[in-house]
Amino acid sequence: MSIAKPYESASGASNWRMRKFIADFGVYIALAVLLLAATVLTPKLFEVNTIAVVMRQASQLGIVAIGQTMILLVAGLDLSIGGIFLMTSIVVADVTNGRDEMVLPAILIALALGALIGAGNGVLVTKRRVPPFVATLGMLVLVKGATQAYTKGVPGGFVPDVLGIVNQSWFVLSIPLLLWLGLNAFFIFVLRRTSYGRKVYAVGSNIEAARLSGISVDVIRISVYILGSCLAVASGVVLTGYVGYVDRFIGTGLELDSIAAAIVGGTAFVGGRGGLLGTIAGVLIIQLLSTMALLMGLDIEVQFIIKGLVILGAVTLYSLAETES
Amino acid sequence: MSEFILEMHNISKSFAGVQALKDVSIRCRPGQVYGLVGENGAGKSTLMKILAGAYKADSGEIIYKGQLREQATAGEIIESGISIIYQELALVPEMSVAENIFLGREPRRALGVLNLKELHQRAAALLKRLGITPNTRMPISELTVAQRQLVEIAKALSQDADLIVMDEPSAILAGNELDQLFQIIESLVEQGVAIIYISHRLEEVFRIADEVTVLKDGELVDTRPIEQLDRAMLVEMMVGRPLDEIFPQTQHEQGELVLVAEDISTDTILTSASLELYAGEILGIAGMVGSGRTELARALFGADPLTGGRIRLVGVDGATWSNPAQAIQSGLVLVPEDRKAHGLFTALSVRINVTIPILRRLTRFGIVRGAEEEAVVERARERLSIVMASADQETQYLSGGNQQKVVLAKWLETDPTVVILDEPTRGVDVGAKFEIYKLMRQLNDRGIAIVMISSELPEVIGMSDRILVMNDGRIVGEVGQDEATEAGIIALATMSNSEANGQ
Amino acid sequence: AQDEDMSGFEITQEMIDASPYLQSVLSRLDQVYDTSEFAKDPPYRIAFAAQGTSNAWSALMDAHAYWYVEHLGEDVVSELLYGDAQAQADIQVPLVEDLLAQEPDALILVPMGAAALSAPVERAMMQGVPVVLCASAVETDNFVTEVGTNLYSIGATLAEWLIDTVGADGNFLMMTGVPGVTTSVIMEEGAMAVFESQGIELLDNQPGFWSPAEGKKIMETWLAQHGDGIDGIWTGGAQMAQGIISAYEDAEMEIPPIAGGEMQSGFLRSAIEHGFEFYAWMYPNAMITICLDAAIQILQGEPIARFIDFVDTMPEARPFTDAEAEDYYRPRWSDDVHGPVTMPDEKLAELGFLVEEE
Amino acid sequence: MNLTARFMSGLTPSQRLFLRRHGPVFAVYGFILILFLIGATQSERFMSVRNLTNVARQSAFLGIVALGQMLVILTAGIDLSVGSLVKLSILVSALAMNGEPANLGMAILLTLGLGLLVGLIHGFLVNEVKIAPFIVTLASLGILRGVSLSISTSPVGSASRDFIMFYVQKIGPIPVIALMFVVLLILTALLLRYTAFGKYLYAIGGNVEVARLSGVPVKRVRYGVYALCSITASITGLLWLSRMGVGDPAIGDGIELQTITAVIIGGTSLFGGRGTVIGTLGGVLLLVVMANLLVMLGVNQFVQGLIQGIIIVAAVALYKQEGD
Ligand SMILES: Nc1ncnc2c1ncn2[C@@H]1O[C@H](COP(=O)(O)OP(=O)(O)OP(=O)(O)O)[C@@H](O)[C@H]1O
Ligand SMILES: Nc1ncnc2c1ncn2[C@@H]1O[C@H](COP(=O)(O)OP(=O)(O)OP(=O)(O)O)[C@@H](O)[C@H]1O
Ligand SMILES: [Mg+2]
Ligand SMILES: [Mg+2]
């Protein structure tokens, strides 16, 4: 059996190593470049207060992005996140009505509903083979419609004070940041070292082979959608505490931002490739961009343009690194 | 102009740090058939893809019809008279037969409007030449693999090429279709077309080639006229050492009954198939392409839901199953025929591929135990002599034979009682083939029962203890090892339906 | 009308020249529309193209509309054809077409885009359906009347108050609504005219999308950047003010004067709690009742003024400051109720806008 | 289930194939028929000529972009930027026209040129820089929005008088805009059926590598298809200008999701290679008629969203896409 000796051709090999290096570390390099630029453009960024703010805000996106990354790993996509945020904040306000002691039951109910939405996404995608893009988009319309029908347009209740804890920082540490880091550590471990994680990659990489290898592919996919929705609920709770009110537009745009963060972080759109470390960097890049834009007082229109260009730039790195087709 | 239609000089090519070709040169005259052989991963397909413009060589030059050829697009190369039948079928599943045949070169009227009538007429004419008359409007996705292969050949014919490359066209053809193919090759050669023919079936090479080129590890071993070669020499050139081409046999009694299938049918053509399987034996399944052998394998494995009948494992309290996961749990595994689509996670490492089915064993509380995993991968590598750069290498960068071994390794780790092998040696080089045969016998010695589906009759006859013959979704006969002959099996496999049912 | 108690703010000719909005509003103040062509007998079928399901402000407006129609009785308004724009111009344009296809007697429109809705309004008029604009304007002049207030003047007044309170040498921040949405853009125009006329350079100006979350995000960054160097904040709505207050709460810093509160319970509750200076204006969703009255007046063929400032009919809807916060605060209203409310309390309770008394 | 099985077994293989592939599209038209029946019996004015012309015109607004979107999706691509491009086209055409009839031709050319340019840039990024279409157009969604807003955050420019009238013009009872949609519909169907370009879309969507190796000019086709899609967005921008009279940047957000939904409901596979014009028309009609009917019936606004959600989910769940 003959695989030719690796790394033999000097030119080919160095070229390839270069590309591999870009693919593996491109996003961190991009992050470093951004930070370097910040030392000149927005030195304020490096003050403790600013870092605390950036980290708290990044956590909101970051927690969703964990779920989104895992869903992307099984070649899926979740656009229903906005609906889950809204549902979460309505449930929290409605169930607690401002009472601190009801927070836990409220969160549990929100998680249960979130799991239901995730299961709905999963079932549409697996049993009915609806493309994830449309399945979760339809689910978004459905969930928003359901919250509308439930609240008759007017979400009642109050957000309990205890959730305000998400707004506190000790130096740069805060509950959302710890939650984000903790969830990342946990899910990185799950993806790398557990059989569940292996199966997630296997399903994303070749679903038919996974099925024939005895993996219950539908169970894995549905469970990933459920996880994604539950993580969105977690982020929704943080956001609800952050806002302190039921906001109809809560977390608008986080679904696309979370996809962008994962992709910028090197997770492949087609599944089976990528991971959470890259996503962390992707989240930081997106958050830094908007904070830096604000610190520089850039107009919103310029912010839209810059964000678009940076996403393109980062992804170009990966396409450069692709081996020839 | 020189006597050669094609000269490829000193071609080198490396991928992702792997040197796939090194200073390889070949030349072709019009009206001749060139055999191109070598082990898996020797670089045959890569050389042809460079010729087709799909890859760009790192160095070397191509002289075609007397002119140095610059980098060109696939379209320009087809235009220049080179057509290629790829190893991985190159058809668009959603499009019709006719559209596929003329993809990129559709007959047109003025203003770029297609001439659909001509499209279908010409497609039908081409297919007739190949002896088949399928509906040219049928989407490719509805065709069997063999039919697709014929469409692929029709596509090459339609290009009126001066040079045709066939990369393992026979891997999924058998009997009639193969004869048809050889007739076509003969008539093409008479018209002055040059043909490069890649195959792992050396008898085919001896049957049609005028000259044979051998590659090994990306390097040219030699090019010789066929008259100067015999099979043993050729094998030695390929493998680098002499190889005894004798089907390994071991002495064993028929063991206990392990598996019984009664009257099983699925949504496919499979109808009322019954079989019994005994420990330590190899049960061969023969039949023409499309006779439903793969469907039988999938049914046994629980990959397609049964619409009738039942299957049980005798030893394990009559265990039954309705999906692959349960089948694997019960000790039954399937090595599928389409490796890339059904067997491998090409973007994932060898490590993950090998350990996927046994994660339960390798984990505690769902957490993978690193040391045990390492041991499993190491054992697999040794047992099957898998050639890989490291356990973390992505399997897409392994050669075909090594990929097949990874799939085998994955299943052997589950400690199965029944192994179903669907075309285990398809696309596998001669050296690796015999390693697989040996491995099958080792499994037999451990009491494992094997079902082997194969389109290569010598292999079926050589390896099987008993042979079931399939025809049109049914099992039409059983032949013992001693009484098995190629002619007998083909007769059974090609009987008309009524005869078969009358049996 | 509402700027009578304001010190010194006056619309200059320059401002009028620069703002088509002001030109239109001011010219219509004295115009009267002859509605005899629309006269018909009751009951009327009135189409209401609302902002729709988007926030509590519009929910309460819809509630007022339904309540008022019921209150008027079936022999006055037999049917209220409702259209939910979900606060989007894209949705509202075809929606107005759908409503007009039902051949209503009059159309009340809360426009989601000044230009986007211009041609639909003209087509309605061409079709003989009189149009009452409610809460916001469109670009065309071809409608019967508009119920609202001078948004330019509101924006300017808020800015003026800020300068009067802090001094012209203060450092100001500005948080507008949604870029491109008329209400937001006009208020911003008015404010900018004042800031510019005083030669004031703003620290920054960002859109807060009328969202507490967005407002808070921006304020957090501003706080990190400018710290206690912020002397006053202009904002285009109470929801964003809530976000701003929340960011100050978290940072445990003193809240500077805020121009741009509203009579909204959530805002007033925290304003009273934190005791900062503010200037609030009102944009009552109850103005829909005035719009309905206007529509009926038109259908009865009575001449009607082309611009109806709600403050003239609803005197309680005038701006106020922190000095009067307690007078306007309604502890029983849930956080998102915008006042003033004209329907009875039972109705509010039915809709879930009243908090249970403990 | 059993019933369908028995029904299917009574058919020839090609009939079965046809049903399997196109059955859901029939179901979509069935849905539409049901909506019409409800409308005809439950609403006095739903079936009025006035409302039907209204529905026809509204279908054009969603449908023309949906056609472009479908072409892109056939190649296994996607275009998320169409909404932002509609917005930008409205502004550009309004500014260029500026109320002057003399500027009409120039404004139309400029706007279509803008679409062409944007489409070619998309094509470049997909072809040459090899970025996934989802990402390219996601970035473009933000960038074009930013560009629009930096042109103006408030309404600008205006249409000329006769261009505004274009919106209400009819030939017989049929609005010109609806006719335009029908013509584009037929042209697209012809393009897909009778031209090599059309076949290549399916080939690229079916298997891009195979297409390339068969000599299909993959890059050129991709440039073409992204350009066509962007041009349909520009055309829609022009139609919006005619609808509004003034260039309003408030329009355009969310059109991309509506078009994608319509295309998928119409049976086009997001994985590429499968889809028909007649299906896309069905998807467009379903969405437009549903929204119209909800208003005509005066359905409580709080449950409208829920009903829409249920119908959309049900419609997409019809397709059990073959997943290879
Ligand atoms: N796209 C690719 N990227 C990386 N490595 C590749 C690629 N294609 C081929 N290779 C490597 O190049 C070598 C030659 O492969 P090639 O497919 O030409 O072998 P082959 O002679 O056709 O073998 P087989 O008989 O199994 O088809 C192998 O080591 C293979 O792993
Ligand atoms: N579940 C499936 N989904 C899609 N295609 C399938 C499935 N099962 C089988 N096929 C296809 O059906 C065709 C018919 O089966 P097949 O004729 O392979 O039987 P066979 O006797 O095993 O022949 P051979 O293995 O030589 O192709 C195969 O080409 C295979 O590609
Ligand atoms: Mg090969
Ligand atoms: Mg087979």
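From first to last, the protein sequence lines stand for chains P, B, Y and C. Position one of the first sequence corresponds to residue 186 (this note's numbering), numbered consecutively onward. Position one of the second sequence corresponds to residue 41 (this note's numbering), numbered consecutively onward. Position one of the third sequence corresponds to residue 22 (this note's numbering), numbered consecutively onward. Position one of the fourth sequence corresponds to residue 84 (this note's numbering), numbered consecutively onward. Don't be surprised by glycine CBs; every beta carbon is placed ideally from N, CA and C.
Could you give the residue range of the alpha helix (DSSP H) that holds V385/P? In the first sequence, the residue the question calls residue 385/P occupies position 200. Per DSSP, V385/P belongs to the alpha helix (DSSP H) from 380-390.
Let me know the secondary structure DSSP gives D307/B once reduced to three states. Stepping through the second sequence from its first residue, residue 307/B is reached at position 267. Of the three classes helix, strand and coil, the one that applies to D307/B here is coil, per DSSP.
Am I right that V73/B and Y237/B are in contact with their C-beta atoms under 8 Å? What's the rounded C-beta distance? In the second sequence, counting from the first residue as 1, residue 73/B sits at position 33. In the second sequence, counting from the first residue as 1, residue 237/B sits at position 197. Confirmed, about 6 Å.
Under 8 Å: does the beta carbon of E475/B sit that close to some heavy atom of ligand 1? What you label residue 475/B is simply residue 435 of the second sequence in a count that begins at 1. No, the Cβ of E475/B stays beyond 8 Å of every heavy atom of ligand 1.
Per-residue contacts from T344/C into chain P (C-beta, under 8 Å): For this step, residue 344/C is matched to residue 261 along the fourth sequence. The answer, in chain order, is V319, L322, G323.
With a threshold of 8 Å (Cβ to nearest heavy atom), would F385/B be considered close to ligand 1? In the second sequence, the residue the question calls residue 385/B occupies position 345. Every heavy atom of ligand 1 is 8 Å or more from the Cβ of F385/B, so no.
So if I threshold CB-CB distances at 9 Å, which residues from the stretch 392-409 of chain P count as touching chain B? E393, A394, A395, R396, L397, S398, G399, I400, S401
What does L131/B touch in chain C if you count any residue whose Cβ is under 8 Å from its own? Translated into the one-based positions of the second sequence, residue 131/B becomes position 91. Result: N290, V293.
Between which two residues does the beta strand (DSSP E) harbouring Q107/Y extend? One-based indexing of the third sequence puts residue 107/Y at position 86. Q107/Y -> no beta strand (DSSP E), and no H or E assigned at all.
Are the Cβ atoms of V328/P and L416/P separated by less than 9 Å? Working through the first sequence from its first residue, we reach residue 328/P at position 143. Working through the first sequence from its first residue, we reach residue 416/P at position 231. Going by C-beta atoms, V328/P is not nearer than 9 Å to L416/P.
Candidates R133/C, A190/C, P332/C, V219/C: which alpha carbon is nearest R228/C's? Within the fourth sequence, residue 228/C is the residue found at index 145, counting from 1. Minimum Cα distance to R228/C is reached at P332/C.
With DSSP as the reference, identify every bridge partner of E100/Y, one or two as the case may be. Against the third sequence, residue 100/Y aligns to sequence position 79. E100/Y pairs with R66/Y.
At the 9 Å Cβ level, is F343/P part of the contact set with chain C, yes or no? As a position in the first sequence, residue 343/P is number 158, starting the count at 1. By this cut-off, F343/P is not an interface position.
If we define contact as Cβ-Cβ less than 9 Å, is M206/B a contact residue for chain C? Numbered from 1 along the second sequence, position 166 holds the residue referred to as residue 206/B. So no, M206/B is outside the interface.
Leaving out the 5 sequence neighbours to the left and right, which residues in its chain are closer than 8 Å to Q521/B when beta-carbon positions are compared? Looking up residue 521/B in the second sequence gives position 481. Within the same chain, Q521/B has close Cβ partners I501, S504, D505, R506, I507.
Contacts that G152/B makes with chain C (C-beta to C-beta distance below 7 Å): As a working note, residue 152/B is residue 112 in the second sequence. Per Cβ cutoff of 7 Å: T278, A279.
Mapping the DSSP letters down to three states, classify T559/B as helix, strand or coil. An answer regarding residue 559/B cannot be provided, because it is not within the stretch 41 to 543 covered by chain B.
Report the rounded CA-to-CA distance for A419/P versus D348/Y, giving the unit in angstroms. On the first sequence, position 234 is the one that residue 419/P refers to. On the third sequence, position 327 is the one that residue 348/Y refers to. Approximately 39 Å between the Cα atoms of the pair.
Taking DSSP's pairing of strands, which residues face Q227/Y in a bridge? Here the question's residue 227/Y lines up with position 206 in the third sequence. For Q227/Y, which the question treats as bridged, DSSP gives the partners M196/Y.
On the DSSP letters alone, give me the boundaries of the alpha helix (DSSP H) that Q59/B sits inside. Walking along the second sequence from the start, residue 59/B turns up at place 19. Q59/B -> not in any alpha helix (DSSP H); beta strand (DSSP E) instead, spanning 58-68.
Stretch pair the stretch 58-78 of chain B + the stretch 108-125 of chain B: three plus CB contacts closer than 8 Å: no
Any C-beta of chain P within less than 8 Å: which residues of the stretch 354-378 of chain Y qualify? S355, D356, D357, L372, G373, F374
Which residues, in order along the stretch 369-385 of chain B, keep a beta-carbon less than 8 Å from a beta-carbon of chain P? Q369, L374, P376, A381, H382, G383, L384, F385
Per DSSP, what kind of secondary structure is H359/Y in: helix, strand or coil? Stepping through the third sequence from its first residue, residue 359/Y is reached at position 338. Note: H359/Y maps to strand in three-state DSSP.
Helix, strand or coil for N155/B, going by three-state DSSP, please let me know. Residue numbering aside, residue 155/B sits at position 115 when the second sequence is read from its first letter. Correct three-state label for N155/B: coil.
Can you tell me whether R276/C is helix, strand or coil according to DSSP? Start at 1 with the first residue of the fourth sequence, and residue 276/C comes out as number 193. R276/C: helix per DSSP, three-state reduction.
Exposure of I124/B, with buried meaning 16 or more beta-carbon neighbours within 10 Å: Within the second sequence, residue 124/B is the residue found at index 84, counting from 1. I124/B should be labelled buried.
If you follow the alpha helix (DSSP H) that I292/P is in, where does it begin and where does it stop? Here residue 292/P refers to the residue found at position 107 when the first sequence is read from its first residue. Its alpha helix (DSSP H) spans residues 288-311.
Three-pair Cβ contact test at 8 Å for the stretch 275-295 of chain P versus the stretch 420-431 of chain P: yes
Sheet register partners of E283/Y (DSSP bridge): The count along the third sequence starts at 1 and reaches residue 283/Y at position 262. Bridge partners of E283/Y: W302/Y.
Looking at chain C, which residues of the stretch 51-81 of chain Y have a Cβ within less than 7 Å of any of its Cβ atoms? G73, T74
Could you name the residues of the stretch 468-498 of chain B whose beta carbon sits closer than 9 Å to any beta carbon of chain C, in the order they occur along the chain? none
Residues of chain C with CB under 8 Å from M133/Y, in chain order? One-based indexing of the third sequence puts residue 133/Y at position 112. Going along chain C in sequence order, the residues near M133/Y (Cβ under 8 Å) are A333.
Give the single residue among N50/B, D270/B, W361/B whose Cα lies nearest to the Cα of L260/B. One-based indexing of the second sequence puts residue 260/B at position 220. Residue N50/B is the option with its Cα nearest to L260/B.
Proximal residues of chain D, C-beta to C-beta of E486/P below 7 Å: Absent from the structure: chain D. Protein chains present are P, B, Y and C.
Taking C-beta pairs closer than 8 Å, name the residues in chain B that G457/P reaches, listed in chain order. Reading the first sequence from its first residue, position 272 is the one you call residue 457/P. In chain order: F385, A387, L388.
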